[in-house]
Amino acid sequence: MHPDEPVVDAALVRRLISAQFPQWVGLPVTPVGSAGTDNAMFRLGPELAVRLPRVEWAAGDVRREHQWLPRLAPQLPLPVPAPLAVGRPAANYPWEWSVVRWLDGVNPAVGVLAAPEALARDLAGFVNALRSVNPAGAPAGHRSVPLASRDGSTRAAIAQLAGTIDTAAATALWDKALRLPEYAGPPVWMHGDLTPGNLLLNRSGRLAAVIDFALMGVGDPTADLIAAWNLLPASARPAFRAALRADDAMWARGRAWAFSIALVTIPYYRHTDPALTANARHVVREVLADRSV
Numbered sequence: 001m002h003p004d005e006p007v008v009d010a011a012l013v014r015r016l017i018s019a020q021f022p023q024w025v026g027l028p029v030t031p032v033g034s035a036g037t038d039n040a041m042f043r044l045g046p047e048l049a050v051r052l053p054r055v056e057w058a059a060g061d062v063r064r065e066h067q068w069l070p071r072l073a074p075q076l077p078l079p080v081p082a083p084l085a086v087g088r089p090a091a092n093y094p095w096e097w098s099v100v101r102w103l104d105g106v107n108p109a110v111g112v113l114a115a116p117e118a119l120a121r122d123l124a125g126f127v128n129a130l131r132s133v134n135p136a137g138a139p140a141g142h143r144s145v146p147l148a149s150r151d152g153s154t155r156a157a158i159a160q161l162a163g164t165i166d167t168a169a170a171t172a173l174w175d176k177a178l179r180l181p182e183y184a185g186p187p188v189w190m191h192g193d194l195t196p197g198n199l200l201l202n203r204s205g206r207l208a209a210v211i212d213f214a215l216m217g218v219g220d221p222t223a224d225l226i227a228a229w230n231l232l233p234a235s236a237r238p239a240f241r242a243a244l245r246a247d248d249a250m251w252a253r254g255r256a257w258a259f260s261i262a263l264v265t266i267p268y269y270r271h272t273d274p275a276l277t278a279n280a281r282h283v284v285r286e287v288l289a290d291r292s293v
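Structure, rendered in structure tokens:
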């Protein structure tokens, strides 16, 4: 998925486990299919998972998760990954990697949610609980930055997508978003990447767990609104918005965040991650059709 990405397979995982964590030697190693792009995931026996960064920019997030998830977990209403160990670079693999508890559930499928409004409220409840955690000493969220910081990459993506999207409408929406007031509230905790691949549902279609906190941190929490467009149908968005008490400016910024992320995703991953690209195209269509603000 990325230039110069190291080969990460089950054989490598077995070598790393054997050399560094003998207590888990002999447990079966099974690749986990995922639309995720920054980490490769493997089951390690029935109760564990191994996550290995695919790219250098994700490598530093291993320590962030191991430091902060144990502090966040007791204050959140749903399970989150429980880090158990940090592995060292070895066997021609260049970065730290992690072993975590496996969490059961299935990723939501856009368009066929069993209980979309209930899921919207579940998700908002999780976001509100995360925002209420004391932010003292926490690192800045990777996406707790102004929209203007994404201007160059967003406009470049719009240009690359000429002929496949309405570039005039996309540019007009983005221009309008850049004129929105910036977030003026206190810094609060955010997940940073609330996408279908980072959410787990139970058999009833309710939110069961939230995973992949690599982008977590404190600051402007607007980017956590992206689930309104990458997952929820238009009919469920009002419940999500009301539970988060998002005013017009925050809602519009959240929509712009979802739009920018999707636009940049398509040209980068269209040949390597069909599932992620399909979701990004879905977001672009949903945002251009949205008249909620």
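1 is the number of the first residue of the sequence shown in the UniProt record's numbering; add one for each residue after it. We put the CB at the ideal spot given by N, CA and C, even for glycine. Just so you know, these numbers come straight off a predicted model, no measurement behind them.
Problem - Per DSSP, the bridge partner or partners of Leu207 - result: Leu201
Practice task
List the DSSP bridge partners of Pro53.
Solution key: Asn39
Problem - Inter-residue Cα distance where the pair is Ile17 and Pro89 - result: 12 angstroms
Problem - Cβ neighbours of Val8 in the same chain (closer than 6 angstroms, five flanking residues each side left out) - result: Ala40, Leu52
Problem - Expected contact under 8 angstroms - CB spacing of Phe213 and Glu117 to nearest Å - result: Contact flag wrong, Cβ pair sits at about 26 angstroms.
Handout entry: Ordered list of alpha helix (DSSP H) runs contained in the segment 84-141, each at least 4 residues
Key = 116-131
Practice task
Apply the 10 Å Cβ neighbour rule to Asn92 and answer buried if 16 or more other Cβ atoms are within range, or exposed otherwise.
Solution key: exposed
Exercise for the section: Taking only the alpha-carbon atoms, compute the straight-line gap between Gly111 and Val283 and give it to the nearest angstrom. Expected result: 12 angstroms
Problem - Span separating the alpha-carbon of Pro181 from that of Asp224 - result: 17 angstroms
Practice task
Whole angstroms is fine: what's the gap from Asp248's alpha carbon to Trp229's?
Solution key: 16 angstroms
Exercise for the section: Put Ile17 into one of helix, strand or coil per three-state DSSP. Expected result: helix
Exercise for the section: Measuring alpha carbon to alpha carbon, tell me which of Arg253, Leu200, Arg155 ends up nearest Ile266. Expected result: Arg155
Problem - Cβ pair count under 8 angstroms reaching 3, the segment 251-262 against the segment 215-224 - result: yes
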